[in-house]
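So the structure is just underneath, and the comments pick up after that.
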Amino acid sequence: MDSAVKSPSLVMTAELKSLARTIRPAIIAIDGPAASGKSTAGFRLAQLLDYLFLDTGVMYRAVTLSALAAGLRIEDEPAVSELAATVHLDIRAPAAGERDGRHCTVLADGADITWAIRTPEVDRNVSAVSSYAGVRAALTEQQRRIAERYGRGDAEKPGIVMVGRDMGTVVVPDAYLKLYIDASPEERARRRYNELRKQGKPLPYAEVLQDIYHRDQYDSGRNLAPLRAAADAIVIDNSTLTSDQTLGLVVQALQTRAASGLRP
Ligand code: DC
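In the numbering used here, the protein residues as written are 17 to 280.
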């Protein structure tokens, strides 16, 4: 292959670098249901722009794990809420020695719980924990504090990509760019099914699909900060798209936003 010919991704990176210079500091909000590919797209975008990647789902998972480890009953809303207000969470970009596939390092009271928050037990309990008003208030405040620092431009990275369920609607409604990444429940179940198989923890497809339906219902049906696309979010349905194609649409949305001339 002619090495002088740039691959599409290299061209995109060069363009993105200059784009990133014009839109910093900036907050980019990405929401969507479980297994929609929002974290993968958000992580890759953050890498391209050299922004911090903050997956807010890990914070709800961290509170859930801490509550279980402390022996609290998950139904004990006041106790779980108090714990959410007191536990010290720290989300960092992975350090050099931590390149084991993680998107970020999650610390709770100083302990690395990055992988411990991905167990079926946490999966089963995190929806209930994330429906508690006290938990949401505590975590929303922390997320806004982090966003403000990056949005002001006095953080170690020139911007932040925040991923979750209520970024565009509740946490950072004034974000520079808001995206909502979706896919059909069947396709999301298929992705989760394959992921579990790869990890050597296979489950029947029907069970995975049922879990996706269940989580959708829980996330969209709760009273507080339900999963929803913000009115001004750009919706990307990636049911039939690859991860690269999804990233391509995300970058396109950012370019269109930048071309509007409005500053962050
Ligand atoms: O994205 P995830 O599966 O890791 O999220 C874990 C749980 O946290 C999920 O049940 C939804 C909830 N969550 C939330 O309520 N608000 C957010 N901003 C992020 C996640």
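Note that the Cβ used here is the ideal one computed from N, Cα and C, for glycine as well.
These figures come from a predicted structure and were not determined experimentally.
Residue span of the beta strand (DSSP E) that contains residue i, given as start and end
i, result
"residue 196", "193–198"
"residue 257", "From DSSP, residue 257 is part of no beta strand (DSSP E); its letter is neither H nor E."
"residue 139", "Here residue 139 belongs to no beta strand (DSSP E); instead the alpha helix (DSSP H) covers 136–145."
"residue 43", "42–47"
Residue i Cβ short of 7 Å to the ligand DC heavy atom set
i, result
"residue 235", "yes"
"residue 180", "yes"
"residue 231", "yes"
"residue 77", "yes"
"residue 130", "no"
"residue 73", "yes"
"residue 83", "no"
"residue 50", "yes"
"residue 146", "yes"
Straight-line gap, residue i to residue j (C-alpha atoms, nearest Å)
i, j, result
"residue 36", "residue 153", "32 Å"
"residue 45", "residue 91", "31 Å"
"residue 170", "residue 234", "37 Å"
"residue 149", "residue 277", "38 Å"
"residue 17", "residue 136", "Annotation note: pLDDT 41 at residue 17 (below 50); position unreliable, coordinate value reported separately. Distance between the alpha carbons of residue 17 and residue 136: 46 Å."
"residue 282", "residue 78", "What the structure shows of the chain is the stretch from 17 to 280, and residue 282 is not part of that stretch, so it cannot be assessed."
"residue 108", "residue 121", "5 Å"
"residue 80", "residue 206", "26 Å"
"residue 29", "residue 64", "7 Å"
"residue 20", "residue 129", "Annotation note: pLDDT 49 at residue 20 (below 50); position unreliable, coordinate value reported separately. One C-alpha to the other measures close to 44 Å."
"residue 163", "residue 174", "11 Å"
"residue 116", "residue 131", "10 Å"
"residue 267", "residue 62", "11 Å"
"residue 226", "residue 96", "27 Å"
"residue 53", "residue 179", "11 Å"
Proximity winner among the options, relative to residue i (alpha-carbon distances)
i, options, result
"residue 41", "166, 136, 73, 206", "166"
"residue 83", "32, 164, 134, 145", "145"
"residue 11", "265, 183, 118, 53", "Any question about residue 11 goes unanswered here, given that the chain covers just 17 to 280."
"residue 71", "141, 202, 176, 172", "176"
"residue 134", "201, 217, 221", "217"
"residue 110", "157, 140, 59, 94", "59"
"residue 172", "69, 57, 33, 52", "69"
"residue 125", "161, 94, 75, 112", "75"
"residue 105", "114, 118, 73", "73"
Element boundaries [alpha helix (DSSP H), containing residue i]
i, result
"residue 79", "73–85"
"residue 132", "Residue 132 -> no alpha helix (DSSP H), and no H or E assigned at all."
"residue 96", "93–102"
Near the ligand GDP: residue i beta-carbon under 7 Å from a heavy atom
i, result
"residue 142", "Ligands in the displayed structure: the ligand DC; the ligand GDP is not one of them."
Identified DSSP bridge partners for residue i
i, result
"residue 69", "177"
"residue 121", "108"
"residue 251", "196"
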